[in-house]
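> Mapping to the UniProt record's numbering: the sequence shown position 201 is 201, numbers consecutive. Yeah, the Cβ is synthetic: ideal placement off N, Cα and C, and Gly gets one too. Computed from a predicted model, the values in this text were never measured in an experiment. Sharing a structure, written as structure tokens. Questions coming.
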Amino acid sequence: ISAAHGAGAAAPAFASLSTGFVSTLGSAAGGAAGARLEPATSVSYPAELCHVARPCASLAGLGVRAKRLLGLKNINVYAVGIYVDALSAKKALSKYADDGEDAIAANAAMFDDVVRSSSFEKSLRLVISFGHLKRSQFLDALHERLEPRMAKAGDAAALKAFRAQFDDVTLQKGTEIVFVNEGAGLVTSVDGMRKGRVTSPALCASLFDIYLGPDPVAPDAKASFGRSVASILKSERVL
């Protein structure tokens with residue numbers, strides 16, 4: 001998994017589709033062309049994230065996972081970037097294209113379709129911003145939200161395999177964790193090193209539901225993703 005090439009690289013054929021909504025996320029960052037800063041953490045996010053599929057997935061949502069500490073103050077635990085294959089997503093979600101942009105951006109059915117779809121690649125890029133976060137805290141928080149969903153799906157084994165991928169991982173400020181949903185599988189990478197792939201549609205949907213479902217852990221990321229999807233669907237580019 002890698003960021004797309006920066007200045008000097010040939011512009012992808014779908015650049016006109018993705019540039020518009022990427023430029024509305026956060027603020028411009030130095031370095032790679034089109035990179036954006038998550039405002040609460042100042043973490044830089046590349047405009048594209050490349051896995052196996054081409055074209056590369058485009059940045060579509062940006063936010064932060066914050067946690068209240070002892071009821072006194074919010075701690076920014078990690079930055080969240082949500083990426084999607086814009087061209088394939090536009091095709092898969094075309095039934096919403098006739099709605100207004102505000103309606104699309106707030107449509108719970110649209111988010112549910114994104115969460116459950118295996119027809120287009122989508123990714124989560126998490127960057128740790130709280131230097132005292134322990135691996136067990138990170139995994140326990142994910143497990144707390146994943147376990148009820150996975151139990152309902154009858155796929156506890158996939159959740160166990162998912163957690164085991166982090167057995168040798170040490171978290172620190174700046175650690176990058178990337179989850180890629182490709183087809184029925186979820187690929188996990190930490191700091192650019194692939195940790196494994198778990199084949200489980202339920203795991204893929206459950207993980208993305210944490211960020212795009214009714215109770216998102218990073219509300220700004222979900223809201224900006226909704227606006228990006230609306231922009232994608234309203235683009236006049238013929239696919």
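1) Can you tell me which of the three DSSP states Ser136 falls into?
2) Quick one: what does DSSP say Val84 is sitting in, helix, strand or coil?
3) Going by DSSP, which residues form a beta bridge with Met193?
4) Quick one: residues in its chain with C-beta nearer than 6 Å to the C-beta of Val115, no 5 flanking neighbours on either side, listed in chain order?
5) Where does the unbroken beta strand (DSSP E) through Phe179 begin, and where does it stop?
6) When you compare only the Cα positions, how much space is there between Leu87 and Val190?
7) Is DSSP giving Cys50 helix, strand or coil here?
8) Which of the three DSSP states, helix, strand or coil, is assigned to Leu25?
9) Is Val114 helix, strand or coil by DSSP?
10) Does the beta-carbon of Arg194 have 16 or more other beta-carbons within 10 angstroms, so that it is buried, or is it exposed?
11) Locate the beta strand (DSSP E) running through Val127, then write down its first and last residues.
12) Less than 6 Å between C-beta atoms, sequence neighbours within five positions excluded: which residues of the same chain meet that for Val187?
13) What is the rounded straight-line gap between the Cα of Ala230 and the Cα of Ala97?
14) From Phe138 to Ala161, what distance separates their C-alpha atoms?
15) With DSSP as the reference, please indicate the residues paired to Ile104 in a beta bridge.
Concretely, from the data shown:
1) Looking at Ser136 - three-state DSSP - the assignment turns out to be helix.
2) Three-state result, Val84: strand.
3) Answer is Val190, bridged to Met193.
4) The residues are Ala205, Phe208, Asp209, Leu212.
5) In the DSSP annotation of this structure, the continuous segment of the beta strand (DSSP E) that includes Phe179 starts and ends at 176 to 182.
6) For Leu87 and Val190, the distance between alpha carbons rounds to 27 Å.
7) In the three-state reduction of the DSSP assignment, Cys50 falls in the strand class, which pools E and B.
8) Note: Leu25 maps to coil in three-state DSSP.
9) When DSSP states are grouped into helix, strand and coil, Val114 belongs to the helix group.
10) Label assigned to Arg194: exposed.
11) If you look at Val127, you'll find it in the beta strand (DSSP E) that goes 122 to 128.
12) For Val187, where only same-chain residues beyond five positions count, the Cβ hits under 6 Å are Val180, Arg197.
13) Looking at the two C-alpha atoms, the distance is approximately 8 Å.
14) C-alpha separation (whole angstroms): 16 Å.
15) Beta bridge pairing from DSSP links Ile104 with no other residue.
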